[in-house]
Amino acid sequence: MLSIAPTQQQRTVSIKAIVPPLGIEESKEEQAIAIIGDPDPPERERLPFFKDPKIKFSIWTILKDSIGKELSKISVPVYFNEPLGILQKGLGPFEFAGILDDACNEPNKDKRLALAALFFCAQMTTIEKMPSKPFNPLLGETYEFIAPGGKYKFLGEQVSHHPPVSAFYTVGESGYIRNISMKVQTSFSKGTLYFSNAYKEYLDIPRYGESFEYTPGKKSIHNLIIGTPYLEITGKIRLIDRSCPTERYAEIEFFKRGWSDTNCHKLAGNVYSAAGVVAYRIEGKYSKSISVINARTGVVEYTWTKQPYPENWEYQYGMTQYALQMNYLPNTLKPHLPPTDTRLRPDQRALENGDFKLANAEKLRLEEKQRAIRKYNEKKKSDHKPYYFEEYSNPDDPSQPYFRYNGLYFEQDRKNQDWSRLPDLYNEVYPEDFAKVLEIKQDITTKKK
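Numbering (our numbering), first residue to last: 39 to 487.
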């Protein structure tokens, strides 16, 4: 398994000896240092502010007035948030990108399917510590992440506001491509909030001509009214080989917590190589370890083990070492980012720094600006078009449209450092004819598009 966290020995060597800071291509590192000075460390050990975990707020006070609404549409005070956005949370599964690397290098097709299924199981570990609510992305917001050494590139964009849809694209150096369109659907019953992705997800390994379709499970937050809230996933997830979906597939069941800890975080399931033929079993706990077992021999052929949490994790929103890097903004990375990148959001940055008052004020300001821009676009009869994703109809299921990366971010705009077609999301800058279109008399900062 790959982990972004360096060993203790690696942390003692000089910065020059480590990989360039996240997102900076090696050829540009010296130029960036010459302009900015000494670079920040390639990764950080902690957040700049520790939040007291003993301070508790009842999320029910917010949700009770929002029953029936989409979860991503609910606006909450920042003390219910963590200093990460939904686009950044989409990166979370790639803490376990090493599993996909191993799948790409595995010649046995049945074991490849098993490893792909294991990847989707391991990513559930991110719900273990009952994370706080991430920030809702603004329409047109983006987030990039380039792993150290170029092991993979990740891009997320908020492509729709009504309904809220986020699109994600990841390409691995080892040869995998993952595309996700995410629209959260929610329901509420007896003190429990249920939510899941309404869309299916896709993982391709072009080297073998394989395309897998993943049907996500349903997550739930229990004890919202009375008791200690906890988050879990229950029911079954399914991963199919799209070329023969009724024969080659994996089906994994996540067990309900119950009164004891026996079934807490437990999962078990089978990987089928042909109709009714079990090739591998997958079992374990996503909070500890998960094993891939050869069904014929009973031999454990692969084990994923969860890495320990960093020191003082309880004061850092339960983040892993990997998650601590998601909103990190080293001085050599900032000049290369578009103005739409999540790391540049002032409300989220203020929360990370512990300034709750500023964070709440900035969050309200950005939400008000987004509403104003939406009214402006409605008056202009201008529909939003995503910058880096295109919507496609799914030939296998017309009810399941999805967004596919268009190749214009890493290969064009980032390469040329030309972000001129992107909006200024976070500053008080508006289109040149904004006041005229909305018939606003007061002066307002404008900018030509």
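Positions of the beta carbon are idealized from the N, C-alpha and C atoms, including for glycine.
Within 7 Å, strictly: CB atoms of residue i and residue j
i	j	result
L382	A388	no
Y257	I271	First, the residue type needs correcting, since residue 257 is Lys and not Tyr in the sequence shown. Yes; because the gap between Cβ atoms is below 7 Å, this pair is in contact.
F250	L277	yes
Y207	L125	no
E321	A333	no
F505	L138	Beyond the ends of the chain as shown, which are 39 and 487, falls residue 505; an answer cannot be given.
S311	D148	yes
T547	K372	Missing from the structure shown is residue 547; the chain here goes from 39 to 487 and no further.
L85	Q354	yes
G392	F87	yes
R319	N308	yes
L241	Y447	no
N119	K171	yes
E390	P121	yes
Residue from the options whose Cα sits closest to the Cα of residue i
i	options	result
Y252	A154, G229, I264	A154
T224	N217, S437, S234	S234
T284	V467, N350, G314, E349	G314
E400	R84, Q386, R412, P172	Q386
F441	D78, E166, S204	S204
E406	N465, K419, Y425	N465
Y190	E291, I218, G213	G213
N35	V222, H199, E120, I263	Summary: the structure shown does not reach residue 35, with the chain confined to residues 39 through 487, and so no result is reported for it.
E239	D76, I290, K304, P439	P439
C282	K304, I290, P254, E248	E248
P384	G123, K92, K419	G123
Y426	R412, S437, R459, G187	R459
H303	I165, E120, F448, P80	I165
E133	I290, G255, E470, P186	P186
P244	L375, G229, I215, K228	I215
A135	F173, E211, H422	E211
Q161	G229, G255, L404	G255
F183	T341, R452, F472	R452
F472	N432, Q408, P424, K423	Q408
T380	R280, S431, D421, K127	K127
D435	Q450, R280, S420, I328	R280
I328	I290, T335, Q450, E449	I290
A152	G188, A288, P201, Y246	A288
H422	P201, F173, K89	P201
Close Cβ partners of residue i (< 8 Å) along its chain, the five nearest in sequence each way excluded
i	result
Y268	M168, I259, H260, N261, R295
R82	L362, Q363, Y366
V337	I331
L476	A410, K413, Y414, K417
V316	N308, V309, Y310, A333
K326	H303, T343, K344
Q455	H374
E449	none
Supposed contact pair residue j and residue i - C-beta distance, whole angstroms, cut 8 Å
i	j	result
Y324	C159	6 Å
F292	G265	That pair is no contact at about 21 Å.
P91	E352	5 Å
Close-in-space but distant-in-sequence residues of the same chain around residue i (CB under 6 Å, 5 per side omitted)
i	result
Q196	P175, L177, E179, S204
A236	K221, Q223
P461	G178
E339	V330, N332
G229	L262, I263
R150	A141, E144
S431	P439
Close-in-space but distant-in-sequence residues of the same chain around residue i (CB under 7 Å, 5 per side omitted)
i	result
P115	N398
E428	F441, R442, N444
L463	L176, G178, E179, P377, T378
E63	Residue placement at E63 is flagged as unreliable, the pLDDT there being 48, under the threshold of 50; the coordinate-derived value follows with that caveat. Hits under 7 Å: none found.
S219	V203, A205, Y237, Y440, F441
R403	none
Cβ-heavy atom distance, residue i to the ligand HEM, below 6 Å
i	result
S329	Absence of the ligand HEM from the depicted structure is noted, as is the absence of any ligand whatsoever, leaving it without description.
Within-7 Å CB hit, residue i to chain D
i	result
S311	Absent from the structure: chain D. Only one protein chain is present.
Beta strand (DSSP E) runs wholly inside the region 250 to 302, at least 3 long, in chain order
256 to 260, 268 to 279, 287 to 292
Mind listing, in chain order, the continuous beta strand (DSSP E) runs of no fewer than 3 residues lying wholly within the region 371 to 442?
DSSP assignment within the region 371 to 442 yields the following whole beta strand (DSSP E) runs of 3 residues or more, N-terminal first: 427 to 430.
Quick one: which unbroken beta strand (DSSP E) runs of 3-plus residues sit fully inside the region 107 to 177? Chain order, please.
119 to 123, 171 to 173
Which whole runs of the beta strand (DSSP E) in the region 313 to 370 are 3 residues long or more, in chain order?
315 to 323, 327 to 332, 338 to 343
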